[in-house]
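In terms of the numbering used here, the sequence shown is numbered consecutively and its last residue is 410. As structure tokens, the structure follows; a few thoughts come after it.
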Amino acid sequence: MPGQYQITLRSGPNPGTVFTLEGEQFSIGRDSSNEISINDSEVSRRHARLAFQGGKFVIEDLGSTNGTYVNGQRLTGQRVLKSGEVISLGEKIELVYEAVETDPGATMVSSRKAPAARAVASAPPPAPKAFSGQVPASPAEATPVKKAGPLPIVIAAGAVVLICACIAFFWYIDANFLWCTFFPFLGGC
Numbered sequence: 222m223p224g225q226y227q228i229t230l231r232s233g234p235n236p237g238t239v240f241t242l243e244g245e246q247f248s249i250g251r252d253s254s255n256e257i258s259i260n261d262s263e264v265s266r267r268h269a270r271l272a273f274q275g276g277k278f279v280i281e282d283l284g285s286t287n288g289t290y291v292n293g294q295r296l297t298g299q300r301v302l303k304s305g306e307v308i309s310l311g312e313k314i315e316l317v318y319e320a321v322e323t324d325p326g327a328t329m330v331s332s333r334k335a336p337a338a339r340a341v342a343s344a345p346p347p348a349p350k351a352f353s354g355q356v357p358a359s360p361a362e363a364t365p366v367k368k369a370g371p372l373p374i375v376i377a378a379g380a381v382v383l384i385c386a387c388i389a390f391f392w393y394i395d396a397n398f399l400w401c402t403f404f405p406f407l408g409g410c
């Protein structure tokens, strides 16, 4: 493999994560046994496969539930990837495929397509953002659910009891014709 290739996670869990493609075949999926593991509910356990064929990477969907797209078009078979193309897994996960030029005399690897992307890719990935549909990797990573204290429940119960007491009081007064006894200031007493 004369050049180097990489995939950068643009959106989804841990955006900015770079997967260097050094090998002949890579599976992409939610399961941790995949070479490229993306822990998200939109990603199938074994979602797609990248294979190095004829000097280029080819991608294919492995019968995923939410589909694999390249530049917005759903894959129905194998497709040769070009540098800069966007791979989407479902609706929320986006990866950018890049062919990286290497110069033996250089001290840094540079992207052929976009120098700005190189700066983002070399930065440490930002803290993961939680979003709807995210599947935690383990129970330890799950965000603990904060339980409401007893105070709101006590206040609500007190309000219900007070309203019921007022209704019962006025019903008693009305049923026994005691309006003038309790409220002598009312007209007609």
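Glycine included, every Cβ here is placed at the ideal spot set by N, Cα and C.
State the Cα-Cα distance for the pair Gly305 and Lys367, rounded to the nearest angstrom. 43 Å
Please specify which runs of the beta strand (DSSP E), each continuous and at least 3 residues long, are wholly inside the stretch 232-284, giving them in chain order. 239-242, 246-250, 269-274, 277-282
With DSSP run on the structure shown, which of helix, strand or coil describes Thr402? helix
Output yes or no for whether 8 Å exceeds the beta carbon distance between Cys401 and Cys387. no
Which of helix, strand or coil DSSP assigns to Leu230: strand
Taking the straight line between their C-alpha atoms, what separation do you get for Phe240 and Ala369? 41 Å
Is Ala320 helix, strand or coil by DSSP? strand
Note down, in chain order, each residue of its chain lying with its Cβ closer than 7 Å to the Cβ of Ala337, except the 5 sequence neighbours on either side. Low per-residue confidence applies at Ala337: pLDDT is 39, beneath 50, and the placement is therefore not dependable enough to give any value.
Find out if the Cβ-Cβ distance for the pair Arg295, Gly284 is shorter than 8 Å. no
Tell me where the beta strand (DSSP E) around Leu372 begins and ends. No beta strand (DSSP E) contains Leu372, which is instead part of the alpha helix (DSSP H) from 372-396.
How about Gln227 and Glu315: are their beta carbons less than 8 Å apart? no
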